[in-house]
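In the numbering used here, the protein residues as written are 3 to 252. Beta carbons: idealized from backbone N, C-alpha and C, even for Gly. Read the structure below first, then the notes.
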Ligand code: 13P
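Written out as structure tokens, the structure is:
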């Protein structure tokens, strides 16, 4: 069993515009009554300034979707942890499967990104998850353990300050969700791995991600080691995301 309050994080991915963000965030903020879970939105880097100002003083925390593994310097196009910190970013997603798949991020790069975030006082949301082929080959446990092991190896006792997100790649944007039992089985493996690495593993939330929606959220969150969600598509629709935040607030 993990932390007591649930953590629900929206990942907007490469969606939004100044106009669309204004309406989405104002709709979310006006519907937050009765929400008592922890909640955040991870916005594109170009929208951090806008989101910081719209979310200031609210119960919705600000997150980013990626951070450089480097501190500063000649890394064209990259955004450093210190730059994120300037916008009061609380969370940053690292190692999302879309970055591993389309941008060549290795376990080692992901571990260093988590380290940069931690050093800047930003909580990294470390994503792990197996592909469809790995799932079908029965390699789920081995893959997620290898991915988390790299982060533990690089960050040592600091991993008590991370968030882990289990996102089976075959469930992302596909409408196929892991069953609550499938998610719990993997979360229990990750929990045991965290327990072996730190005395404070109980404070590490383990989120589920992959086609989480208003209909399946309650069943997933009812599992003992599912401490919240990382939500893509459904986080772009205010009524859907709000109903998920409410389900997590019970
Ligand atoms: P979907 O909720 O759109 O499947 O995306 C999940 C995800 O990748 C969140 O990071």
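Could you tell me whether the Cβ atoms of residue i and residue j are closer together than 9 Å?
i, j, result
"residue 123", "residue 87", "yes"
"residue 120", "residue 160", "yes"
"residue 67", "residue 13", "yes"
"residue 54", "residue 64", "yes"
"residue 130", "residue 166", "yes"
"residue 153", "residue 186", "no"
"residue 170", "residue 224", "no"
"residue 238", "residue 57", "no"
"residue 128", "residue 136", "no"
"residue 50", "residue 104", "no"
When we look at the beta-carbon of residue i and count the other beta-carbons within 10 Å, is it buried (16 or more) or exposed?
i, result
"residue 176", "exposed"
"residue 114", "buried"
"residue 7", "exposed"
"residue 200", "buried"
"residue 40", "buried"
"residue 132", "buried"
"residue 73", "exposed"
"residue 20", "exposed"
"residue 210", "buried"
"residue 4", "Residue placement at residue 4 cannot be trusted, given a pLDDT of 47 that sits under 50; what the coordinates show is reported in the next sentence. Buried, because 16 or more other Cβ atoms sit within 10 Å of the Cβ of residue 4."
"residue 208", "buried"
"residue 134", "exposed"
"residue 10", "buried"
"residue 18", "buried"
"residue 244", "buried"
"residue 99", "buried"
"residue 142", "buried"
"residue 252", "exposed"
"residue 173", "buried"
"residue 138", "exposed"
I believe residue i touches residue j by the beta-carbon criterion, under 8 Å. Please report the beta-carbon distance rounded to the nearest angstrom.
i, j, result
"residue 37", "residue 247", "5 Å"
"residue 1", "residue 126", "In the structure as shown, the chain starts at 3 and stops at 252, and residue 1 therefore has no counterpart that could be examined."
"residue 242", "residue 236", "4 Å"
"residue 43", "residue 69", "Wrong, their Cβ atoms sit about 16 Å apart, outside the cutoff."
"residue 30", "residue 220", "Not a contact, Cβ separation roughly 20 Å."
"residue 198", "residue 157", "In fact, because the Cβ distance is near 14 Å, the residues do not count as touching under 8 Å."
"residue 71", "residue 118", "6 Å"
"residue 162", "residue 206", "6 Å"
Confirm the yes/no value for this check: CB of residue i, any heavy atom of ligand 3, distance under 8 Å.
i, result
"residue 236", "With respect to ligand 3, the structure shown offers nothing to examine, as its ligands consist of ligand 1."
Are any of the Cβ atoms in chain D nearer than 9 Å to that of residue i?
i, result
"residue 238", "Here chain D cannot be found, since the structure has a single protein chain."
### Message
Pairs of beta-carbons, one from the stretch 191-199 and one from the stretch 228-235, closer than 8 Å: are there three or more?
### Response
no
* Counting pairs of beta carbons, one from the stretch 62-82 and one from the stretch 147-158, are three or more of them closer than 8 Å? -> no
*asked:* Would the stretch 169-186 count as touching the stretch 206-215 if we require 3 or more Cβ pairs under 8 Å?
replied: yes
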